[in-house]
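In our numbering, the protein residues as written are 10 to 135.
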């Protein structure tokens, strides 16, 4: 991600788990939920992202004031994207993804998906 950012003078780079066909999904509901949340974000914020809930995000520290971040759960993904999309183009690059199971420590669940939808509806683009 760093070499891509340097080569392309990109201020923000996200990974994209959907770009490679060899990634698998342990929970199909997570795949569908991510697609729905990403689509909703794209409509509301005018972005063109494929995978907003990806954990791999690289951005210049100067783009975000930590005091502007309020979320302390998975909504941080949306909050970061909202703030970053106002300041810079977001590039996506393919990444490999090996999902964890709940037994291996996966924490996100359907309640987080509902919280994300509610957050998107209550935080319009400014």
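For glycine and all other residues, C-beta sits at the position ideal for the given N, C-alpha and C.
- Using a Cβ-Cβ distance cut-off of 8 Å, the stretch 117 to 132 and the stretch 79 to 93 are in contact, since at least three pairs of beta carbons, one from each stretch, lie closer than that value.
- Taking C-beta atoms as the reference points, residue 113 and residue 23 fail to come closer than 7 Å.
- Close CB contacts of residue 46 within its chain, under the 8 Å cut and outside five residues either way in sequence, are with 61, 62, 87, 122, 125, 126 and 129 (chain order).
- One thing to note: residue 94 has its Cβ no nearer than 7 Å to the Cβ of residue 65.
- Under the three-state reduction of DSSP output, residue 86 falls in the helix class.
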